[in-house]
Amino acid sequence: MTKVLVVDDEPQIVRALRINLSARGYQVLTAHDGASALKAAAEAKPDVVVLDLGLPDLDGTDVIAGLRGWSSVPILVLSARTDSSDKVEALDAGADDYVTKPFGMDELLARLRAAVRRSASSAADGEEAVVETASFTVDLVAKKVRRAGAEVHLTPTEWGVLEVLVRNRGRLVAQKQLLQDVWGPQYATESHYLRVYLAQLRRKLEPEPSRPRHLLTEPGMGYRFEC
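Our numbering numbers the first residue of the sequence shown as 4 and each following residue consecutively.
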């Protein structure tokens, strides 16, 4: 059964979504603010999130950024904001789709099904749960790193940086993308963060931190992970 987390502070919308989704075989979880949404997502591990941007405690884009720090769960934004800049900000933060209120239930359900299909297709494409290099092993499911048979302690932020790079292994990850994925859109220009955290990761994982083999810098562009 597909598990949907609905995040909205409007009771009538939450009720309508719960009724319609439950009738179609979805398991529905609800949250009415950003903090409880992040807590529910961490504890329940939903298959898809339907998220309102106008929450009482956090802006929806901050919730997206918080989720994207550790999860690739599909996020479908449901918002009364119609300005294109709001849509762009939400999508840049990591949302998968955007539906404007008022909305048609059929359209919302179609977009929800599409988001779940894309996620299932991505998983079926066989993303490796464990990625091995000559120097260390990254377990993406357990969120652990081992080197020389011993677990390496990483801070949550160090793990966030490493996870983005490993999931994009072999591909250049732009500085802006990495900053947004780990810290959120408001940090898109703070490139010094990356220099600090890549240096820390290299000290912990690379045999020769000054001559990295796996965590590579592409000057002026971004970073690349190579096995």
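Where is the CB? At the ideal position from N, CA and C, for every residue including glycine.
Buried versus exposed call for residue i [16 or more other C-beta atoms within 10 Å across all chains shown]
i, result
"S82", "buried"
"Q178", "buried"
"G63", "buried"
"V199", "exposed"
"I67", "buried"
"P222", "exposed"
"E92", "buried"
Minimum C-alpha distance to residue i - residue among the options
i, options, result
"T160", "L111, L201, D11 and L175", "L201"
"V2", "H217, D12 and A38", "As displayed, the chain neither begins before 4 nor continues past 230, which places residue 2 out of reach and without an answer."
"A191", "P212, D95 and A45", "D95"
"P212", "S138, R120 and R84", "S138"
"E209", "T140, V167 and Y196", "T140"
"L115", "L219, E221, C230 and L24", "L24"
"L111", "L20, S88 and P222", "L20"
Residue j beta carbon less than 7 Å from that of residue i
i, j, result
"D65", "I78", "no"
"A132", "V144", "yes"
"V7", "V17", "no"
"L175", "R214", "no"
"D12", "L58", "yes"
"G97", "R71", "yes"
"V119", "V51", "yes"
"D60", "G37", "yes"
"V76", "Y101", "no"
Beta-bridge pairing of residue i - partner residues as DSSP gives them
i, result
"T192", "Its beta-bridge partners do not exist; DSSP assigns none."
"G57", "D62"
"V185", "Paired residues: none, contrary to the question."
"S82", "T103"
"D142", "V133 and K147"
"Y29", "According to DSSP, Y29 bridges with nothing at all."
"V52", "L8 and I78"
Rounded straight-line distance, which links the Cα of residue j to that of residue i
i, j, result
"R73", "L157", "Strictly speaking, residue 73 in this sequence is Trp, with Arg absent from that position. Their backbone Cα atoms lie some 14 Å apart in a straight line."
"Q183", "R27", "35 Å"
"L3", "Q15", "Given a span of 4 to 230 for the chain in the structure shown, any question on residue 3 remains unanswerable."
"G163", "D86", "31 Å"
"R149", "V155", "5 Å"
"K42", "T33", "11 Å"
"A45", "A151", "30 Å"
Contact with chain B by residue i, beta-carbon distance below 7 Å
i, result
"L197", "Of the protein chains in the structure, only one exists, and it is not chain B."
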